[in-house]
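Residue numbers for the sequence shown follow my numbering, so the first one is 7 and each next one is one higher. Cβ atoms here follow ideal geometry from the backbone N, Cα and C, with glycine treated the same way. From a predicted model like this one, the values you see are computed outputs, not experimental measurements.
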Amino acid sequence: MADKTLPFNEDFIRTIIKDHPTPFYLYDERAIRTNARKLSAAFQWCDGFREYFAVKATPNPHLLKIVKEEGFGADCSSLPELVLSEKAGITGEEIMFTSNDTPAKDFRTARELGAIINLDDKTHLEYLEKHAGLPELLCFRYNPGPLREGNVIIGKPEEAKYGLTRPQLFEAYTQAKKKGVKRFGLHTMVASNELNPEFFVETARMLFELAVEFNKELGVRLEFVNLGGGIGIPYRPNQQPINYEDIGGPIHKLYDEIIRPAGLHPLKIYLENGRCITGPYGYLITEAIHKKSIYKKYVGVDACMSNLMRPGMYGAYHHITVLGKENAPLDTTVDVVGSLCENNDKFAIDRQLPQVAIGDILVIHDAGAHGHSMGFQYNAKLRCAELLWREDGSIKTIRRAETMEDYFRTLDFGTL
Ligand SMILES: *Cc1c(COP(=O)(O)O)cnc(C)c1O
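Pasting the structure below:
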């Protein structure tokens, strides 16, 4: 059983709380860097390998700067994400622009920044040409449809709105080549929160085989294949983390079997994970402020679904530790809830926890990706602060909590 221990104790968090009221997010810089190095090491054999961190997971320039320092690029899907990456010092082809249903102005900004543009449809070739001009390097997103089973979370590829079909890909590269595009990449994303390394190896095989076909049939030689993101993390205590070597190693073998004999070496491999890069290293820290006992027992905390919507939205499991009671028996069954007027505002349902007292600090694990960034303002709830626990042990506010003034800023009270 993988454990769900914490790299800090109650005293450490209580000290932070003196200056930073709950709820807040806490990110562990050291752990993010250590993990990033492990991923890079698993692909060290591949010249030009790059992980493009999915900005939507934690769109914070301080976290982007950390992953940039670890050699990562940024995967963006909107204009503000592009701007954010640039502000964090990630530029040019260190940015992958994987968007869909893309507005013209987003394409224009991506072109201005020199980002790698990954098109989601064959009609986007003309759209891009018309609104932003065609770049020298272009990528297309493949949707394998029934040729590939999706995993549980991302669903079946043929139900997904993304990408081009297989025949469309051949047309798109042919057309792009005719229009003068010189350099090519190929992308797909068919997994989300997948803990089976084999899934990513199969994705590599699929793209490697296409690379060979494109070369033979179209005279298009790919410069890179992007396997997308989707490496999972062990949200539950009984799950094991993926060992990146179990992805990098077998892909290396496939590369030697498929790419080298076809004369296609060097072919760069790109990934665009978000979740596995920061997910396990971000925590939502919240205080128990109420308890009630009706048909069920409830613990009410000062965070709510607008701080972390994965449990409410997907029924996702997030482990919870009650600080100071790490070794206490799990002898009560409670729902841990927030204050939204929505009955799905629950961080946990029927969870076995130690006896929670009002004033206890609860740590919600694995909130470091798709956590704060999915926040919203329903019920006029404000987004909380993000804190970085730096390698030197200090705490830095990397996003302050929203205030009521922030919430009112877009309203016009002047003409009431
Ligand atoms: C969301 C997303 C990712 C990142 O997914 P993770 O599950 O966080 O690894 C990568 N690429 C695209 C196109 C995405 O939409």
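Problem - Phe205 - containing alpha helix (DSSP H), residue span - result: Pro203 to Glu219
Problem - Helix, strand or coil at His296 [DSSP, three-state] - result: strand
Exercise for the section: Work out the CA separation of His376 and Pro240 for me, nearest whole Å. Expected result: 15 Å
Handout entry: Cβ neighbours of Gln181 in the same chain (closer than 7 Å, five flanking residues each side left out)
Key = Leu131
Exercise for the section: Report yes if the C-beta distance between Leu233 and Leu213 is below 8 Å; otherwise report no. Expected result: yes
Handout entry: Assigned exposure category for Tyr33 - 16 Cβ within 10 Å defines buried
Key = buried
Handout entry: Contiguous beta strand (DSSP E) assignments of at least 3 residues, all confined to the region 337-398
Key = 338-343, 352-359, 367-370 and 391-395
Practice task
Measuring alpha carbon to alpha carbon, tell me which of Thr108, Leu85 and Leu125 ends up nearest Glu118.
Solution key: Leu85
Handout entry: Residue of Asn106, Tyr168, Ala197 and Glu100 minimising C-alpha distance to Leu143
Key = Glu100
Handout entry: Residue environment, Ile300, which counts as buried when at least 16 other CB atoms sit within 10 Å
Key = exposed
Exercise for the section: For Ala60, name the three-state secondary structure that DSSP assigns. Expected result: strand
Practice task
Excluding the 5 residues preceding and the 5 following Arg172 in the sequence, name in chain order all residues of the same chain whose CB lies nearer than 6 Å to its CB.
Solution key: none
Exercise for the section: Determine, using beta carbons only, whether Asn279 and Ala42 come nearer to each other than 8 Å. Expected result: no
Practice task
Give every residue whose Cβ lies closer than 7 Å to any heavy atom of ligand 1, listed in chain order.
Solution key: Ala60, Lys62, Ala63, Asp81, Ser83, Thr104, Met195, Ser198, Asn199, Gly234, Gly235, Gly236, Ile237, Glu278, Asn279, Gly280, Arg281, Cys282, Ala375 and His376
Handout entry: C-beta contact flag for Ile295 and Ile355 at 8 Å
Key = no
Practice task
Please say whether Tyr179 and Leu224 have beta carbons closer to each other than 8 Å?
Solution key: yes
Practice task
Assuming Glu16 contacts Gly330 (C-beta within less than 8 Å), just tell me the rounded distance between them.
Solution key: 4 Å
Handout entry: Inter-stretch contact at 8 Å, needing at least 3 Cβ pairs: the region 300-319 / the region 78-97
Key = no
Handout entry: Reduced DSSP category for Arg189 - H, G, I as helix; E, B as strand; rest coil
Key = strand
Exercise for the section: Return the chain-ordered list of same chain residues with a C-beta closer than 6 Å to the C-beta of Lys274, the five sequence neighbours on each side being excluded. Expected result: Gly54 and Phe230
Handout entry: Sequence-distant residues of its chain with Cβ nearer than 7 Å to Lys136 (five each side left out)
Key = none
Exercise for the section: Count the other C-beta atoms from every protein chain shown that fall within 10 angstroms of the C-beta of Phe49, then say buried if there are 16 or more, exposed otherwise. Expected result: buried
Practice task
Mind reading off the beta-carbon distance from Ala63 to Ser379? Whole number of angstroms is fine, and I expect it under 8 Å.
Solution key: 7 Å
Exercise for the section: Determine the direct distance from the alpha carbon of Ile265 to that of His271, and round the result to whole angstroms. Expected result: 6 Å
Handout entry: Spatially closest choice to Phe353 from Leu336, Ala373, Glu35 and Glu219, by CA coordinates
Key = Ala373
Handout entry: Phe55 (DSSP reduced to helix, strand or coil)
Key = coil
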